[in-house]
Amino acid sequence: MKRKETVERSFAKRKETVERSFADSKELHGLRYCRLRGREHVQEQALMTAAAQNIKKIANHLAKMA
């Protein structure tokens, strides 16, 4: 397989997984705009958003198992 094809497949897979996660954070969980100012507040909001996404993933996984 040519290197170009490998790179294209790699980016296609990344687009489906990693970029989708950032898009969900931005569109569904309020990371487009921070509600408060300051580094600590922004970091706290980002961590809470990540926690919410992880809880959502766990809930979806458990629902599929049941």
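Residue numbering for the sequence shown follows the numbering used here, starting at 1377 and increasing by one per position. Think of the CB as a built atom: it goes at the ideal place given N, C-alpha and C, for glycine as much as any other residue.
- The three-state secondary structure of R1396, taken from DSSP, is helix.
- Bounds of the alpha helix (DSSP H) holding A1435 are R1415 to M1441.
- Nearest C-alpha to S1397 among A1439, Q1429, A1435 and N1436: Q1429.
- Counting only the Cα atoms, F1387 lies some 11 angstroms from K1380.
- Nearest Cα to S1401 within the set K1432, M1441, H1437 and A1442: K1432.
- Apart from the 5 residues on each side of it in sequence, H1405 sits with its Cβ closer than 8 angstroms to the Cβ of T1425, A1428 and Q1429 in its chain, given in chain order.
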